[in-house]
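Protein chains in written order, with our numbering: chain A, 2 to 385; chain B, 13 to 587; chain C, 19 to 346.
Glycine is no exception: its CB is placed at the ideal position from the N, C-alpha and C atoms.
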Amino acid sequence: MTDITHLPPDTGPSFDLAGKDIAAAGQWRLFWLKFKKHKIALVSLVVIIFMYLVAAFADFIAPFDPNATNARFTYAPPQGLSLMHEGAFRPHVDQLRMTLNTESMRREFTPDPARPVPVGFFVKAPQPYHLLGFIPMETKLFGMIDPKPGDSMYIFGADRLGRDIFSRVVHGAKISLSIGLVGVFMSLILGVTIGGVSGFFGGWVDLAIQRVIELLRSIPTIPLWMGLAAAIPVGWPPLRTYFVITLIVSLIGWTSLAREVRGKFLSLRSEDFVIAARLDGMSEIGIIFNHLVPSFMSHIIATLTLAIPSMILAETALSFLGIGLQPPIISWGVLLQEAQNIRAVAQAPWLLFTPAAAIVISVLALNFLGDGLRDAADPYEDVS
Amino acid sequence: MTKTLNPSGDTILKVEDLRTYFPTRTGVFKAVDGVSFELQRGKTLCVVGESGSGKSVTARSILQIVDKPGQIEGGSILLTRADGSKTDLARLDPRGRDIRGIRGKEIAMIFQEPMSSLSPVHRIGTQIGETLRIHFGIRGNEQRARVLELLKQVEIPRPETAIDRYTFEFSGGMRQRVMIAMALACNPSVLIADEPTTALDVTTQAEILDLIKKLQQSHGMAVLFITHDMGVVAEIADEVLVMYRGKVMEKGPVDQIFHAPQDDYTRRLIGSVVKLEKKAEVRVRRAEMPTETPPLLEVKNLSLTFASGLKAVDDVSLAVRPGETLGIVGESGSGKTTMGRCLLRIYDPQSGTIDYRRTDGRTLDIRTADNATLKDIRREVRMIFQDPVGSLSPRKTVGQIIAEPLKLAGMKGSERDDRVAHLMRQVGLEPAWRERYPHAFSGGQRQRIGIARAIAVNPRLIVADEATSALDVSLRSQMLDLMMQLQDEMGLSYVFISHDMSVIRYMCDRVAVMYRGRIVEAGETDRVVNDPSHDYTRALLSAIPHPDPRSRRIHNRFRYEPAVKRAQFQPMDKS
Amino acid sequence: MLRFIIKRLVFAIPTLFAVSIIAFIIIQLPPGDYLTTLMADWASQGGAVEAGTVAAMRERYGLDQPIYFQYYKWIAGILTRGDFGISFELGRPVTELIWNRLGFSLLLSVLTLCFVWAIAIPIGILSAVRQYSISDYTATFLAFFFLAIPDFLMALSAMYIMSAWFGQSVGGLFSPAYVDAPWSFGKLTDFARHVWLPVIVIGLGSLAALVRIMRANLLDELSRPYVTTARAKGMSEFELLIRYPVRLALNPLISTLGWILPAVISGEIIVSVVMSLPTTGPLLLRALLAQDMYLAGSLILLISVLTIIGTLVSDILLAITDPRIRFQ
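Written out as structure tokens, the structure is:
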């Protein structure tokens with residue numbers, strides 16, 4: 002008794018010829034199959050994993066202490082890393098020769114190809130450090146081999162105190178990328194709880210929560226954040242400032258999540274399969290965890306991924322204005338404070354463009370990734 | 013704009029070896045594969061087939077409005093123009109001026125979903141008048157006057173105000189009339205109707221069919237009518253084309269198709285339709301039900317008013333006896349689904365009683381039962397849903413779905429696994445498929461999964477809400493047979509909710525007719541069908557197309573005019 | 019229609035009230051009231067403060083009263099006398115400082131919105147109609163790229179490019195000669211010469227978002243049955259596109275005004291700080307850094323009120339263009 006007269010719809014579902022595997026493929030497998038087709042999202046996923054790894058192993062990857070100053074190399078330009086020297090594989094940078102421009106009273110640096118500074122991998126660290134905070138290490142991923150006085154290796158240049166921009170950007174990733182994650186986590190808790198309550202109870206609770214969300218969304222974010230962030234006392238310890246700033250940037254983020262969760266709750270609540278579960282005798286809690294949560298999990302993951310970049314951008318903007326994180330904390334926004342006026346940028350464009358590139362690449366990758374996840378979030382769309 | 017009416021009978025459209033293909037990632041889908049037919053002036057050709065047969069794509073190919081990525085691969089579509097010349101539509105550029113001059117002017121088309129096929133933000137007068145502007149450059153007052161005349165022709169009440177309204181202010185039937193007015197604007201010689209009545213109730217369907225017939229006669233049009241409903245075919249067709257998987261199975265005069273089908277598929281199709289025209293064999297043979305047994309379920313004065321003020325269930329009383337099937341029949345918006353859901357307390361009715369007799373003989377009011385009792389009762393009273401897609405969680409395997417009620421009833425381990433396997437065999441599914449997800453199953457198979465879930469905990473009563481409406485006709489009787497077989501095996505009672513009188517007649521012992529939240533008539537199915545006492549039932553029955561071209565009857569059907577006159581323009585209705 | 023507008027207006031009142039409370043909270047947030055800050059300020063300048071003066075000022079601002087009374091005094095002052103309090107840093111009433119700048123903020127935002135809409139709609143249409151073409155991919159990629167660049171970074175980069183490549187220093191909305199000059203044709207052209215860069219910088223992010231939305235909306239609409247209906251009437255493809263799917267795709271776009279406007283105003287503030295434009299942005303930042311809370315709070319309040327009014331206008335616009343909303 003098979004349904005020989007039943008035919009797939011005109012366009013033909015894609016699983017038709019893909020074999021029996023698909024018939025027994027669960028939600029996450031279908032999700033992955035669909036996500037895999039989005040090539041840019043796939044590349045972005047790799048980029049994001051790479052960036053978070055860099056942030057996690059910042060101490061190992063950054064060749065220098067991000068706060069180590071060197072008065073000799075104020076605003077030193079990027080020294081290009083070359084792999085070959087005189088026909089042999091010998092990674093090096095050219096030593097910088099400094100001259101004083103008597104006209105502008107500025108120091109000028111010129112690379113001197115005759116004096117290579119040898120660069121090696123897995124070199125001894127300037128000081129011992131703890132990787133991830135607890136593994137004692139004395140090796141860095143790369144650095145100068147046996148530096149002599151006058152040698153330097155600023156692959157992305159130096160700032161006005163002669164600090165290594167590359168090391169600072171790598172260390173900045175720790176704060177800037179984690180603020181996105183922590184902020185999203187806070188949004189998740191706020192959004193899922195409030196959105197769930199709103200969607201589940203409905204009625205006046207729902208109405209009230211929806212009004213609050215509408216209100217929060219109608220206020221321009223930057224002035225609101227500025228107002229709240231400016232109230233953080235200057236004397237607070239960095240960690241506390243960090244958390245309060247995260248809280249402030251997630252203050253808006255949760256609203257979109259809450260809307261998503263509520264919408265899903267409301268639409269799923271009247272789905273036949275949820276009613277069927279209720280008739281099967283499943284408790285409300287059971288329904289939520291067995292049916293509702295699995296149904297919107299993938300949507301939430303996509304929404305969360307799309308929320309991370311806006312948090313990174315928010316932190317960056319606040320810190321840039323000088324009312325977010327403050328030095329000595331290093332974040333990409335704090336680094337950009339150095340590039341606040343156009344004169345500094347004109348003199349040392351790498352102050353602007355190095356952290357900017359880090360921000361743009363991570364935000365771009367997260368957006369593409371979120372887009373791909375969102376497209377794959379409902380793997381049943383074209384199947385059923 | 014009068015046109016000399018050519019005598020009927022000459023060929024106006026000749027389609028030969030039409031092939032329309034859809035390239036997909038995995039290959040080419042041949043939606044229309046070598047279809048040929050002729051369309052004669054003043055005649056109606058019905059193209060009939062089940063879902064996926066390519067009948068709709070055939071219709072769209074004629075006007076070259078096939079959705080992307082579909083394309084006409086070959087064949088010819090010869091249209092005889094007013095001046096006697098012939099044009100091959102298949103050769104024309106789909107975006108070109110030539111085909112545009114034919115669309116809407118010489119060949120017009122109406123569609124299945126009048127709501128989504130009309131723009132929601134343009135007034136209907138604008139949408140109808142547009143055709144006049146495009147083809148004849150008629151604008152302004154002249155256009156308005158002509159549109160008013162068209163609205164009158166399609167019998168839309170109060171055309172002067174209707175012309176400035178939006179589609180969502182009309183009911184489904186009125187919207188379809190607007191579509192027809194639009195199609196008639198330029199006096200086309202061919203009208204293509206693509207399932208124009210599928211989304212409508214039977215009484216509305218009958219009115220629209222009447223209208224099309226009337227206009228066809230007055231305008232001398234050839235009509236190409238696409239439908240899946242053999243009843244409609246029998247009522248209106250002159251010629252019939254049966255399609256299956258993109259190919260023509262059989263074509264011929266309507267009488268031959270119904271009474272002397274040549275092709276196997278046609279025979280099966282007609283067979284499954286005719287089968288549903290009478291009571292099922294197993295029910296005819298079954299011994300008389302004892303009438304004096306106390307009812308299993310007795311509903312008294314049940315009422316439910318939604319927060320919106322809609323009185324969905326209005327003072328409904330009915331009884332279900334053990335082992336019998338009670339049919340609830342009604343059109344959309346009659347409250348039948350809501351009523352069915354009240355029986356399981358998916359909705360909470362405000363007043364009345366739903367007395368359910370437990371196995372020990374005590375009765376219990378479901379309407380006021382507390383949560384614990386309700387949980388118990390819901391193991392004995394189960395539900396089968398209409399939508400075989402929405403009622404199965406796409407994230408669970410079939411095994412998990414069927415096992416869920418067992419699990420919640422406390423059954424464990426291998427006992428549960430064995431039971432699931434047994435249930436799957438019982439409903440005609442391979443137990444080996446238990447690890448598959450619902451997306452791997454066809455509509456009919458999914459409905460079987462739903463039935464397996466419903467009978468898993470050995471219930472006594474099943475509320476089946478439009479359980480066969482989403483299925484093609486050939487599957488419908490299979491599903492009903494399965495349900496009756498299970499009924500006899502397990503001693504089940506059914507409350508069978510449907511809008512389709514034929515499935516009710518096929519399987520129900522008794523039937524209750526619902527109209528606007530009330531039960532207007534109830535009784536033995538045979539009695540209600542053959543000798544209805546209420547005017548509404550009479551109107552409903554006489555509007556049902558009868559799958560026999562030798563006894564056409566909907567054109568002289570009984571019309572029901574309720575005491576309270578319908579509002580001229582209904583707000584958004586369910587259709 | 020009138021009923022719809024009145025309903026929306028009534029709905030806006032609680033929102034306005036809530037916004038005023040948020041602004042007041044921000045005013046109250048910094049530790050101590052602003053007299054303490056004022057006294058600390060005077061003390062740092064070496065001046066002694068007489069106890070009597072402090073007590074008098076306390077009473078004048080109701081600072082020794084309960085918090086709701088202070089709110090009442092503040093909001094009543096605004097509503098009845100247009101008195102937003104005093105900027106203690108500048109020693110002048112807030113009202114004297116803000117209106118001019120608020121005007122420029124509004125002007126800049128409106129110009130940006132016009133720019134964004136005028137560009138986003140055609141690009142979105144092109145992108146949707148030519149789905150998966152080179153131009154679609156280019157538009158999509160550029161949209162993502164501009165979405166990833168923070169406003170201030172865009173401003174700084176634009177300024178860097180203008181000065182490094184074109185040798186032009188940009189900043190402000192006027193040349194020095196025109197800053198205090200009365201409006202004239204010369205001033206207007208000077209304004210136009212300055213204003214285009216900030217408008218582009220502020221707008222690019224929202225532009226990218228709108229292109230994405232327009233594309234998605236239109237793709238949705240293009241596959242609707244009414245498009246086939248119109249095609250079956252014999253309408254030309256271009257007329258059909260403009261008359262039906264584009265017309266319907268614009269409706270959700272109008273409702274995006276509700277969040278595009280806050281985004282544009284946010285962007286305007288931060289871009290103004292970087293490009294030193296005479297709008298509310300730099301004033302707000304300075305006020306916040308100096309904890310000049312009455313000035314800051316008033317600015318936040320007024321910016322938010324402007325946004326709410328903008329959202330209201332977009333709601334009404336939507337009702338005009340979409341009968342389904344009107345008849346709800």
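request  = Take C/PHE122 and list the residues in its own chain whose beta-carbon comes closer than 6 Å to its own, dropping the five residues that flank it on each side.
outcome  = Counting from 1 along the third sequence, the entry for residue 122 of chain C is found at position 104. Closer than 6 Å at Cβ, skipping near neighbours: PRO296 and THR297.
Boundaries of the alpha helix (DSSP H) in which B/ARG279 is found, first to last residue = Here residue 279 of chain B is taken as the residue at index 267 of the second sequence, counted from 1. Here the alpha helix (DSSP H) through B/ARG279 covers 276-287.
task = Give me the Cα-Cα distance between A/ALA377 and A/GLY27, rounded to the nearest whole angstrom.
result = Numbered from 1 along the first sequence, position 376 holds the residue referred to as residue 377 of chain A. Numbered from 1 along the first sequence, position 26 holds the residue referred to as residue 27 of chain A. Using only the alpha carbons, I get a separation of about 13 Å.
query = Any chance the region 266-282 of chain A sits against the region 394-408 of chain B, with 3 or more Cβ pairs inside 8 Å?
reply = yes
ask   = Just checking my contact of B/LEU25 with B/VAL202 at CB under 8 Å: how many whole Å lie between their CB atoms?
value = Along the second sequence, read from residue 1 onward, the residue named residue 25 of chain B stands at position 13. Along the second sequence, read from residue 1 onward, the residue named residue 202 of chain B stands at position 190. Confirmed, about 6 Å.
ask   = Which chain A residues sit within Cβ distance under 9 Å of B/ARG437?
value = By one-based count along the second sequence, residue 437 of chain B stands at place 425. By Cβ distance, chain A contributes nothing, its closest Cβ being about 11 Å from B/ARG437, past 9 Å.
query = Name the residues in the region 398-411 of chain B whose C-beta lies less than 9 Å from a C-beta of chain A; which are they?
reply = GLN398, ASP399, VAL401, GLY402, SER403, LEU404, SER405, PRO406, ARG407, LYS408 and THR409
request  = Assign C/TRP92 to one of two classes, buried (16 or more other C-beta atoms within 10 Å of its C-beta) or exposed (fewer than that).
outcome  = Sequence index remark: in the third sequence, residue 92 of chain C carries index 74 (1-based). Buried.
inquiry  = Output needed for A/ALA59: all residues of its chain with C-beta closer than 8 Å, excluding positions within five of it in sequence on either side, in chain order.
reply    = Counted from its first residue, the first sequence places residue 59 of chain A at position 58. Sequence-distant Cβ neighbours of A/ALA59 in its own chain, meaning closer than 8 Å and more than five residues away, are VAL171, HIS172, ALA174 and LYS175.
inquiry  = What are the residues in the region 263-282 of chain C lying within 9 Å of chain A by C-beta distance?
reply    = GLY276, TRP277, LEU279, PRO280, ALA281 and VAL282
request  = Could you tell me which chain A residues have their CB closer than 7 Å to the CB of C/TRP167, listed as they occur along the chain?
outcome  = Taking the first residue of the third sequence as position 1, residue 167 of chain C is located at position 149. In the sequence on display, residue 167 of chain C carries Ile and not Trp. Neighbours of C/ILE167 on chain A, chain order: VAL361.
query = Can you pull the DSSP bridge partners for C/VAL197?
reply = By one-based count along the third sequence, residue 197 of chain C stands at place 179. Answer by DSSP bridge pairing: none, since C/VAL197 is not bridged.
inquiry  = Tell me the residue span of the beta strand (DSSP E) that contains B/LYS312.
reply    = Walking along the second sequence from the start, residue 312 of chain B turns up at place 300. B/LYS312 -> beta strand (DSSP E) spans 309-317.
message = Taking 8 Å as the threshold (C-beta atoms), are B/SER505 and B/GLY335 in contact?
response = As a working mapping, residue 335 of chain B is identified with position 323 in the second sequence. As a working mapping, residue 505 of chain B is identified with position 493 in the second sequence. The answer is yes: Cβ separation under 8 Å.
inquiry  = Using the Cβ count rule (16 or more neighbours within 10 Å means buried), how would you classify B/GLU207?
reply    = The residue you call residue 207 of chain B lines up with position 195 of the second sequence. Looking at its Cβ environment, which holds 16 or more other Cβ atoms inside 10 Å, B/GLU207 is buried.
task = Could you tell me whether the Cβ of B/PRO361 comes closer than 8 Å to any Cβ of chain A?
result = Translated into the one-based positions of the second sequence, residue 361 of chain B becomes position 349. Taking Cβ atoms only, chain A never reaches closer than 8 Å to B/PRO361, which makes this a no.
request  = Just confirm the distance between the C-beta atoms of B/ALA197 and B/THR138, as a whole number of angstroms; I'd bet it's less than 8 Å.
outcome  = Residue numbering aside, residue 197 of chain B sits at position 185 when the second sequence is read from its first letter. Residue numbering aside, residue 138 of chain B sits at position 126 when the second sequence is read from its first letter. That pair is no contact at about 12 Å.
key: Proximity of C/ALA146 and C/ARG233 at Cβ, strictly below 8 Å   = To locate residue 146 of chain C, count along the third sequence from 1; it is residue 128. To locate residue 233 of chain C, count along the third sequence from 1; it is residue 215. Their beta carbons are under 8 Å apart, which means C/ALA146 touches C/ARG233 by this criterion.
ask   = the region 265-280 of chain A: which residues have C-beta closer than 9 Å to a C-beta of chain B, in chain order?
value = GLU272, ASP273, PHE274, VAL275, ILE276, ALA277, ALA278, ARG279 and LEU280
request  = Measure the alpha-carbon distance for A/THR12 versus B/SER514 and round it to whole angstroms.
outcome  = Here the question's residue 12 of chain A lines up with position 11 in the first sequence. Here the question's residue 514 of chain B lines up with position 502 in the second sequence. With a pLDDT of 33 at A/THR12, under the threshold of 50, the predicted position of this residue should be treated as unreliable, though the coordinate-derived value follows. Each residue's Cα considered, the two are about 32 Å apart.
query = Can you tell me where the beta strand (DSSP E) with B/CYS58 in it begins and where it stops?
reply = Start at 1 with the first residue of the second sequence, and residue 58 of chain B comes out as number 46. Taken as a continuous stretch (DSSP letters only), the beta strand (DSSP E) holding B/CYS58 covers 56-60.
inquiry  = Within a Cβ cutoff of 8 Å, which residues of the same chain sit near B/VAL166, ignoring the five residues on either side of it in sequence?
reply    = Within the second sequence, residue 166 of chain B is the residue found at index 154, counting from 1. Only ARG189, VAL190, ILE192, ALA193, LEU196, LEU223 and LEU227 meet the Cβ criterion.
ask   = Considering only the beta carbon of each residue, do B/GLY352 and B/THR537 sit closer than 8 Å?
value = Along the second sequence, read from residue 1 onward, the residue named residue 352 of chain B stands at position 340. Along the second sequence, read from residue 1 onward, the residue named residue 537 of chain B stands at position 525. Not in contact: B/GLY352 and B/THR537 (Cβ atoms no closer than 8 Å).
request  = Determine the DSSP secondary structure at B/HIS511, reduced to helix, strand or coil.
outcome  = On the second sequence, position 499 is the one that residue 511 of chain B refers to. Correct three-state label for B/HIS511: coil.
key: Any C-beta of chain C under 8 Å from that of A/PRO224   = Numbered from 1 along the first sequence, position 223 holds the residue referred to as residue 224 of chain A. Cβ-Cβ to chain C under 8 Å: yes for A/PRO224.
ask   = With distances taken from CA atoms, which of A/LEU82, A/LEU101 and A/GLY254 is nearest A/PHE74?
value = As a working note, residue 74 of chain A is residue 73 in the first sequence. Looking at the Cα atoms, A/LEU101 is the closest of the given residues.
key: Cβ neighbour criterion (16 or more within 10 Å) applied to C/CYS132   = In the third sequence, residue 132 of chain C corresponds to position 114, counting from 1. Label assigned to C/CYS132: exposed.
message = Please classify B/PHE397 as buried or exposed, where buried requires at least 16 other C-beta atoms within 10 Å of its C-beta.
response = Walking along the second sequence from the start, residue 397 of chain B turns up at place 385. The residue in question, B/PHE397, is buried, as its Cβ has 16 or more Cβ neighbours within 10 Å.
query = To the nearest angstrom, how far is it from the Cα of A/ILE324 to the Cα of A/ASP160?
reply = Position 323 of the first sequence, counted from the first residue, corresponds to residue 324 of chain A. Position 159 of the first sequence, counted from the first residue, corresponds to residue 160 of chain A. Those two C-alpha atoms are separated by around 21 Å.
Contacts of C/SER284 in chain A (Cβ-Cβ under 8 Å) = Sequence index remark: in the third sequence, residue 284 of chain C carries index 266 (1-based). Ordered by position in chain A, the residues that pass the 8 Å Cβ test against C/SER284 are PRO221, THR222, ILE223 and PRO224.
message = Which of the three DSSP states is assigned to A/PRO79 in this structure?
response = Along the first sequence, read from residue 1 onward, the residue named residue 79 of chain A stands at position 78. Reduced to three states, the DSSP call for A/PRO79 is coil.
task = Pick out whichever of A/SER320, A/GLU272, A/ARG344 and A/GLN80 has its Cα sitting closest to the Cα of A/SER153.
result = Within the first sequence, the letter at position 152 stands for residue 153 of chain A. Among A/SER320, A/GLU272, A/ARG344 and A/GLN80, the Cα nearest to that of A/SER153 is on A/GLN80.
message = Measuring only the C-alpha atoms, how far is C/LEU266 from B/PHE180?
response = In the third sequence, counting from the first residue as 1, residue 266 of chain C sits at position 248. In the second sequence, counting from the first residue as 1, residue 180 of chain B sits at position 168. C-alpha separation (whole angstroms): 15 Å.
ask   = Within 8 Å (strictly less), CB to CB, does A/ARG218 reach chain C?
value = Here residue 218 of chain A refers to the residue found at position 217 when the first sequence is read from its first residue. By this cut-off, A/ARG218 is an interface position.
message = Strictly under 8 Å for the Cβ-Cβ distance: is B/HIS240 near chain C by that measure?
response = Within the second sequence, numbered from 1, the residue matching residue 240 of chain B stands at position 228. No, its Cβ sits nowhere closer than 8 Å to a Cβ of chain C.
message = Applying the 10 Å Cβ sphere with the 16-neighbour rule, what's the burial state of A/SER268?
response = Position 267 of the first sequence, counted from the first residue, corresponds to residue 268 of chain A. Its Cβ having fewer than 16 others within 10 Å, A/SER268 is exposed.
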